[in-house]
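**Q** Numbering (my numbering), first residue to last: 66 to 275.
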Ligand SMILES: Nc1ncnc2c1ncn2[C@@H]1O[C@H](COP(=O)(O)OP(=O)(O)OP(=O)(O)O)[C@@H](O)[C@H]1O
Ligand SMILES: [Mg+2]
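1. Taking just the CA atoms, how far does residue 91 sit from residue 139?
2. To the nearest angstrom, report how far apart residue 147 and residue 157 are at their CA atoms.
3. Let me confirm a value: residue 66 is counted as buried when at least 16 other C-beta atoms fall within 10 Å, else exposed. Which label applies?
4. Have a look at 258, 262 and 81 and flag the residue whose alpha-carbon is nearest the alpha-carbon of residue 243.
5. Runs of 3 residues minimum, wholly inside the stretch 164-236: which ones carry the beta strand (DSSP E) assignment?
6. Leaving aside the five residues before and after residue 176 along the sequence, list all residues of the same chain whose C-beta is less than 8 Å from its C-beta, in chain order.
7. In this structure, how does DSSP classify residue 111 when only helix, strand and coil are distinguished?
8. Report yes if the CB atom of residue 217 is closer than 7 Å to the CB atom of residue 274, and no otherwise.
9. Report yes if the C-beta distance between residue 94 and residue 124 is below 7 Å; otherwise report no.
10. Flag this pair as yes or no: are the beta carbons of residue 200 and residue 184 separated by less than 7 Å?
11. Who are the near neighbours of residue 194 in its chain, counting only those whose CB is closer than 7 Å to its CB and skipping five residues on each side?
12. Tell whether a beta-carbon distance below 7 Å holds between residue 213 and residue 73.
13. Helix, strand or coil: which one does DSSP assign to residue 117?
14. Could you give the DSSP three-state label for residue 106: helix, strand or coil?
15. When you compare each of 223, 76 and 252 to residue 205 by their alpha carbons, which one comes out closest?
16. Please report the straight-line C-alpha distance between residue 252 and residue 272, rounded to a whole angstrom.
17. Could you tell me whether the stretch 99-116 touches the stretch 234-242, where touching means 3 or more Cβ pairs closer than 8 Å?
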């Protein structure tokens, strides 16, 4: 027996290459916030740091949600008949007809920037921030490299107590973890990609708390 393998490029094609442009990509993020019963979504762009920060106050994701819903390509989390639990609705907000259906919308984020720091906290923890946040680093450029499969793309992830704990040390340890996995790919990553990704990783040197 043989099985299908998924090239990393297929994720790039479903996201970055399929999306018409930045407005469409941003609208995918806003649609996800709506589906997550957010009341506020806010985007801030910091041109000096080349950082785009988008945040919502919806139901968020736990570590398990993040792995089963966000890190699973084509997840059917909003589809009828999904094996995943339905998106929980905060009692104060009326039921919303879910806009998502395909499970690929968030891949559009790759259109906006080559790297993503995704931070999430499930809503039930808002009043008890000690219950933790999850933070993951996604290096989208690696998905463009021909010949790699999804297993070759490492996604450093951390569980922390509070959002304020995500400091420069955390970021640099995640960057290091990614770099080590990236180095192990060796010659499978052509020089042009290697240089570009190394340069992008260097720019991940800031204190997210600011
Ligand atoms: N802002 C968010 N808050 C909470 N969960 C989110 C958020 N963004 C994404 N998710 C989770 O990640 C999953 C994947 O999102 P994605 O946009 O890729 O797919 P979708 O919304 O289910 O379908 P579509 O591809 O049609 O947008 C969502 O189903 C949801 O569970
Ligand atoms: Mg969506």
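Even glycine gets a Cβ: it sits at the ideal position worked out from N, Cα and C.
**A** If we stick to the structure as given:
1. Position 74 of the chain shown holds residue 139. Position 26 of the chain shown holds residue 91. Roughly 19 Å separates the two Cα atoms.
2. Position 82 of the chain shown holds residue 147. Position 92 of the chain shown holds residue 157. For residue 147 and residue 157, the gap between their C-alpha atoms comes out near 25 Å.
3. The residue given as residue 66 occupies position 1 in the chain shown. Its Cβ having fewer than 16 others within 10 Å, residue 66 is exposed.
4. Start at 1 with the first residue of the chain shown, and residue 243 comes out as number 178. Taking only the C-alpha atoms, the option nearest residue 243 is 262.
5. 180-185, 198-204 and 222-225
6. Walking along the chain shown from the start, residue 176 turns up at place 111. Once the five neighbours on either side are set aside, the close Cβ partners of residue 176 are 80, 81, 84, 86, 87, 89 and 90.
7. Sequence index remark: in the chain shown, residue 111 carries index 46 (1-based). Strand at residue 111.
8. One-based indexing of the chain shown puts residue 217 at position 152. One-based indexing of the chain shown puts residue 274 at position 209. Going by C-beta atoms, residue 217 is not nearer than 7 Å to residue 274.
9. Position 29 of the chain shown holds residue 94. Position 59 of the chain shown holds residue 124. No, they are not a contact pair.
10. Here residue 200 refers to the residue found at position 135 of the chain shown. Here residue 184 refers to the residue found at position 119 of the chain shown. Closer than 7 Å, so yes.
11. As a first step, residue 194 is located in the chain shown; it is residue number 129 there, counting from the start. Any reading at residue 194 is ruled out, since the residue's pLDDT is 49, under 50, leaving its predicted position unreliable.
12. Here the question's residue 213 lines up with position 148 in the chain shown. Here the question's residue 73 lines up with position 8 in the chain shown. Yes.
13. Locating residue 117 in the chain shown gives position 52, counting from the first residue. Of the three classes helix, strand and coil, the one that applies to residue 117 here is strand, per DSSP.
14. The count along the chain shown starts at 1 and reaches residue 106 at position 41. Note: residue 106 maps to strand in three-state DSSP.
15. The count along the chain shown starts at 1 and reaches residue 205 at position 140. Measuring C-alpha to C-alpha distances from residue 205 to each of 223, 76 and 252 identifies 76 as the nearest.
16. Along the chain shown, read from residue 1 onward, the residue named residue 252 stands at position 187. Along the chain shown, read from residue 1 onward, the residue named residue 272 stands at position 207. Taking the straight line joining both Cα atoms gives about 32 Å.
17. No, the stretch 99-116 is not in contact with the stretch 234-242.
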